[in-house]
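>
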Amino acid sequence: MKTLIIVTHPDIEKSAINKKWIDELKKYPEKYTVHQLYEAYPDGKINVAQEQKLMESYDKIVFQFPFYWFSSPPLLKQWLDEVVLYGWAYGSNSGFKLAGKKMSLAVTAGIDEEGYSASGEYKYTMKELFRPYELTFDYIKADYKEPFVYYGIERDSSDEWINRSVPMYLEFLDNL
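FYI, the numbering for the sequence shown is 1 to 176, going by UniProt numbering.
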């Protein structure tokens, strides 16, 4: 079954790595569906029914975004607030429409992995910083999988560094 990749990047044309990942994913339309939120909703007005129907159509869903301000771009938070609703995704009469679906994150981070540690620059691991996503996916009874994080884009934004991430990302998606 195909994997739905929900991409949230506010300026994809200026992106180095997220744009590369999208370009690579689009080479395999039989395996991946790329859904770009900022492209679909430039005005921020989300079609909730359409998004819910899309989510119901996939068993594997990955949220791809650059990590900044220790979270996702704002449209993803808005999307979660508006789409993952009581009565549809959770609640006693919801049917838990996303239950059992494999969900994960694919994130690009500026600094090296060591910076995301108790002794590092940001004091917390990515696992700790991703807890709100893990809890959200657990709450809706989805099957949360460990995220894919590609570190160090601020240190090295060379084509070689970016290209190195592609097979790792594709392998992550295929093994989800």
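C-beta atoms are modelled at their ideal positions from N, C-alpha and C, and glycine is treated no differently.
This one's a predicted model, so the numbers in the text were calculated from it and none came from an experiment.
Excluding the 5 residues preceding and the 5 following D59 in the sequence, name in chain order all residues of the same chain whose CB lies nearer than 7 Å to its CB.
Here residue 59 corresponds to residue number 59 of the sequence shown, with the count starting at 1. Counting only Cβ-Cβ distances below 7 Å, and skipping sequence neighbours, we find M1, K101, K102.
> For the beta strand (DSSP E) containing S104, list its first residue and its last residue.
Sequence index remark: in the sequence shown, residue 104 carries index 104 (1-based). Here the beta strand (DSSP E) through S104 covers 102-108.
> I'd like to know whether the C-beta atoms of I140 and L105 end up nearer to each other than 8 Å.
As a working note, residue 140 is residue 140 in the sequence shown. As a working note, residue 105 is residue 105 in the sequence shown. Against a cut-off of 8 Å, the Cβ pair of L105 and I140 comes out as no contact.
> Alpha carbons only, please: which of F172, I61, D112, L4 is nearest the one belonging to V34?
Working through the sequence shown from its first residue, we reach residue 34 at position 34. The candidate whose alpha carbon is nearest that of V34 is L4.
> Which residue's Cα is closest to the Cα of F137: L37, F96, W69?
Numbered from 1 along the sequence shown, position 137 holds the residue referred to as residue 137. Among L37, F96, W69, the Cα nearest to that of F137 belongs to F96.
> Just checking my contact of V48 with V7 at CB under 8 Å: how many whole Å lie between their CB atoms?
Position 48 of the sequence shown, counted from the start, is the residue given in the question as residue 48. Position 7 of the sequence shown, counted from the start, is the residue given in the question as residue 7. Not a contact, Cβ separation roughly 19 Å.
> In the DSSP assignment, the alpha helix (DSSP H) including L4 goes from what residue to what residue?
As a position in the sequence shown, residue 4 is number 4, starting the count at 1. First-last for L4: 3-7, but that is the beta strand (DSSP E), not the alpha helix (DSSP H).
> Alpha carbon to alpha carbon, what distance is there between Y38 and L75?
The count along the sequence shown starts at 1 and reaches residue 75 at position 75. The count along the sequence shown starts at 1 and reaches residue 38 at position 38. Cα to Cα, the separation comes out at about 7 Å.
> In whole angstroms, what is the alpha-carbon distance linking Q64 and I22?
Indexing the sequence shown from 1 puts residue 64 at position 64. Indexing the sequence shown from 1 puts residue 22 at position 22. Looking at the two C-alpha atoms, the distance is approximately 10 Å.
> Which ranges would you report for the beta strand (DSSP E) in the UniProt domain "Flavodoxin-like fold" (1-158) if only whole runs of at least 3 residues count?
Complete beta strand (DSSP E) runs here, min 3: 3-7, 32-36, 60-66, 102-108, 148-150.
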